[in-house]
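J.: Numbering (my numbering), first residue to last: 23 to 167.
Next up is a structure, given as structure tokens.
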């Protein structure tokens with residue numbers, strides 16, 4: 023299998039991770055994450071949270087987040103995919119828009135997160151093993167001070 027095919031397959035699963043989150047679809051989200059012999063090593067750091075380890079704890083966190091998110095949209099930039107045999111690393115910037123139907127204005131927040139997503143190929147399929155998101159703080163340009 024060529025490196026380009028591997029990268030395209032990883033990119034497809036990476037896109038599905040964000041599509042599942044945007045759709046609030048727990049079944050799709052569950053299907054993205056590694057299981058079987060990798061279940062105990064599944065890890066996730068949501069921005070501002072401590073490390074979650076184990077498939078069960080990670081999926082429980084996604085269920086909670088999706089249940090409390092009425093709308094979220096991701097525009098991914100600076101996406102870089104590197105494949106190393108049966109492991110792949112995807113880094114990107116998540117540009118996020120969220121909204122809440124219960125507020126007068128509708129929009130609650132927009133922001134940016136840098137993310138690292140590590141995938142493992144198990145049974146011929148790429149599955150997410152680690153997601154780590156860290157907020158990007160707005161930094162004033164030194165020239166503007």
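No residue lacks a Cβ here, since even glycine has one placed at the ideal position from N, Cα and C.
In this text the structure is predicted, and so the values were computed from the model without any measurement.
So if DSSP puts residue 157 in a beta bridge, which residue, or which two residues, is it bridged to?
T.: The sequence position of residue 157 within the chain shown is 135, counting from 1. 135.
J.: Mind checking residue 82: buried by the 16 CB within 10 Å criterion, or exposed?
T.: Position 60 of the chain shown, counting from 1, holds the residue named residue 82. Its Cβ having fewer than 16 others within 10 Å, residue 82 is exposed.
J.: Flag residue 88 as yes if its beta-carbon sits less than 8 Å from any beta-carbon of chain C, otherwise no.
T.: As a matter of chain content, chain C is missing from the structure shown, which is built from one protein chain.
J.: Would the beta-carbon of residue 155 fall within 8 Å of that of residue 88?
T.: Residue mapping note: residue 155 aligns to position 133 of the chain shown, counting from 1. Residue mapping note: residue 88 aligns to position 66 of the chain shown, counting from 1. The answer is no: Cβ separation not under 8 Å.
J.: What distance in whole Å lies between the Cβ atoms of residue 55 and residue 64, which are believed to be in contact at a cut-off of 8 Å?
T.: Taking the chain shown and counting its residues from 1, one reaches residue 64 at position 42. Taking the chain shown and counting its residues from 1, one reaches residue 55 at position 33. Contact holds; Cβ gap of about 6 Å.
J.: So for residue 49, helix, strand or coil by DSSP?
T.: Residue mapping note: residue 49 aligns to position 27 of the chain shown, counting from 1. In this structure, residue 49 counts as helix in the three-state DSSP scheme.
J.: Check whether the Cβ atoms of residue 109 and residue 142 lie closer than 8 Å to each other.
T.: Along the chain shown, one-based indexing puts residue 109 at 87. Along the chain shown, one-based indexing puts residue 142 at 120. The answer is yes: Cβ separation under 8 Å.
J.: In whole angstroms, what is the alpha-carbon distance linking residue 149 and residue 40?
T.: Counted from its first residue, the chain shown places residue 149 at position 127. Counted from its first residue, the chain shown places residue 40 at position 18. Roughly 13 Å separates the two Cα atoms.
J.: Please confirm whether residue 75 and residue 61 have their CB atoms less than 8 Å apart.
T.: Along the chain shown, one-based indexing puts residue 75 at 53. Along the chain shown, one-based indexing puts residue 61 at 39. Their beta carbons are not under 8 Å apart, which means residue 75 does not touch residue 61 by this criterion.
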